[in-house]
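**Q** First the structure, then my questions, so here it is.
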Amino acid sequence: MIQLRRVSKSYTAFAHASVVLRDVTLDIPTGQFVAIMGPSGSGKSTLLNLIGCLDTPDSGTYELFGQHVDQMSEDQLSMIRLRRIGFVFQSFNLIPRYTALHNVELPMIYARVDPAARTRRAQRALELVGLSQKLAHKPSQLSGGQQQRIAIARALVNDPAIIVADEPTGSLDSTTGHEIMHLFRRMHAAGKTIVMVTHEADIAAYAQRILYVKDGRVSEGVLR
Ligand SMILES: Nc1ncnc2c1ncn2[C@@H]1O[C@H](COP(=O)(O)OP(=O)(O)OP(=O)(O)O)[C@@H](O)[C@H]1O
Ligand SMILES: [Mg+2]
Numbered sequence: 000m001i002q003l004r005r006v007s008k009s010y011t012a013f014a015h016a017s018v019v020l021r022d023v024t025l026d027i028p029t030g031q032f033v034a035i036m037g038p039s040g041s042g043k044s045t046l047l048n049l050i051g052c053l054d055t056p057d058s059g060t061y062e063l064f065g066q067h068v069d070q071m072s073e074d075q076l077s078m079i080r081l082r083r084i085g086f087v088f089q090s091f092n093l094i095p096r097y098t099a100l101h102n103v104e105l106p107m108i109y110a111r112v113d114p115a116a117r118t119r120r121a122q123r124a125l126e127l128v129g130l131s132q133k134l135a136h137k138p139s140q141l142s143g144g145q146q147q148r149i150a151i152a153r154a155l156v157n158d159p160a161i162i163v164a165d166e167p168t169g170s171l172d173s174t175t176g177h178e179i180m181h182l183f184r185r186m187h188a189a190g191k192t193i194v195m196v197t198h199e200a201d202i203a204a205y206a207q208r209i210l211y212v213k214d215g216r217v218s219e220g221v222l223r
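Numbering-wise, numbering that gives the first Met the number 0 puts 55 at position 56 of the sequence shown, and it's gapless, one number per residue.
The structure is reproduced here in structure tokens:
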């Protein structure tokens with residue numbers, strides 16, 4: 000499903016180019032739950048952003064669902080992100096002035112789902128993450144774990160095939176982090192492909208496969 004072939008990525012800052020990923024070749028089959036680990040600044044988010052079509056490689060090829068992402072236009076990329084990929088971030092990235100329900104409805108507004116179906120699906124998604132009592136709350140009125148549940152509900156509403164998560168437990172205490180991983184486990188059991196960056200070994204342990212990013216390379220960790 001996810002096929003990277005000799006993918007490289009560099010950044011230029013202050014007229015100095017640095018290679019973050021070099022010749023990365025990687026396959027992630029449908030339905031796999033993968034954790035990405037590695038030192039700070041090693042390129043984990045860079046790799047995840049490529050996989051999530053938030054960025055494109057400098058060289059090499061990326062095939063997703065059999066389509067060449069590296070040759071897609073900005074419009075095609077945003078369509079893929081909207082319809083096929085759900086995003087979860089460390090800082091939740093919710094819109095503060097919107098209620099939980101409205102935050103979850105947003106991706107469906109972009110996808111032009113009709114209003115009645117939209118509200119019904121958002122309510123259902125919030126129920127699934129245990130937040131049916133908080134539909135009218137704004138993010139600031141909720142705990143970190145509850146905010147991340149909203150973000151997960153939002154990531155799921157367009158029924159994406161892939162969930163991409165950058166340190167989803169990074170701003171949560173350990174107990175709440177494990178609760179969020181139980182939700183990830185459920186998404187995995189429901190057939191989602193999950194690619195998750197984490198610094199924490201006990202969080203990575205929820206995945207089936209661990210990839211380590213270091214010195215521009217990606218290597219395999221434990222496969223269970
Ligand atoms: N937009 C950018 N412009 C310039 N350099 C960047 C950009 N994004 C990332 N980098 C650099 O690329 C390298 C890899 O960054 P990346 O964010 O992928 O690391 P990371 O492994 O996710 O780190 P962390 O664990 O701290 O989140 C770093 O040296 C970073 O400074
Ligand atoms: Mg990062």
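We put the CB at the ideal spot given by N, CA and C, even for glycine.
In the DSSP assignment, find the unbroken beta strand (DSSP E) run with residue 16 in it and report its ends.
**A** Mapped onto the sequence shown, residue 16 falls at position 17. Per DSSP, residue 16 belongs to the beta strand (DSSP E) from 15-27.
**Q** May I ask you to list the residues that DSSP assigns as paired with residue 7?
**A** For the purposes of this step, residue 7 is identified with residue 8 of the sequence shown, where counting begins at 1. BP columns for residue 7 point to 58.
**Q** Does at least one heavy atom of ligand 1 sit under 7 Å from the Cβ of residue 6?
**A** If you number the sequence shown from 1, residue 6 lands on position 7. Checking the Cβ of residue 6 against ligand 1 gives no.
**Q** Quick check: what's the CA-CA separation for residue 154 versus residue 20?
**A** By 1-based counting over the sequence shown, the position of residue 154 is 155. By 1-based counting over the sequence shown, the position of residue 20 is 21. Distance between the alpha carbons of residue 154 and residue 20 is about 27 Å.
**Q** Taking the beta strand (DSSP E) that residue 94 belongs to, which residues open and close that run?
**A** Here residue 94 refers to the residue found at position 95 when the sequence shown is read from its first residue. Per DSSP, residue 94 belongs to no beta strand (DSSP E) and is neither H nor E.
**Q** For residue 246, list the residues DSSP reports as bridge partners.
**A** Shown here, the chain extends from 0 to 223; a query on residue 246 therefore has no answer.
**Q** Under 7 Å Cβ to Cβ from residue 50, same chain only, skipping five residues before and after it: list those, please.
**A** Counting from 1 along the sequence shown, the entry for residue 50 is found at position 51. So the qualifying residues of the chain are 1, 163, 194.
**Q** Going along the chain, which residues of its own chain have a beta-carbon closer than 8 Å to the beta-carbon of residue 82, five neighbours each way excluded?
**A** Reading the sequence shown from its first residue, position 83 is the one you call residue 82. Closer than 8 Å at the Cβ level, and outside the excluded window around residue 82, lie 110, 157, 159.
**Q** My understanding is that residue 93 touches residue 14, with C-beta atoms under 8 Å, so please give their C-beta distance in whole angstroms.
**A** As a first step, residue 93 is located in the sequence shown; it is residue number 94 there, counting from the start. As a first step, residue 14 is located in the sequence shown; it is residue number 15 there, counting from the start. Actually they are not in contact, since the Cβ atoms of residue 93 and residue 14 sit about 37 Å apart, beyond 8 Å.
**Q** Let's test the definition: count the other Cβ atoms within 10 Å of the Cβ of residue 189 and tell me whether it reaches 16, buried, or not, exposed.
**A** Counted from its first residue, the sequence shown places residue 189 at position 190. Under this definition residue 189 is an exposed residue.
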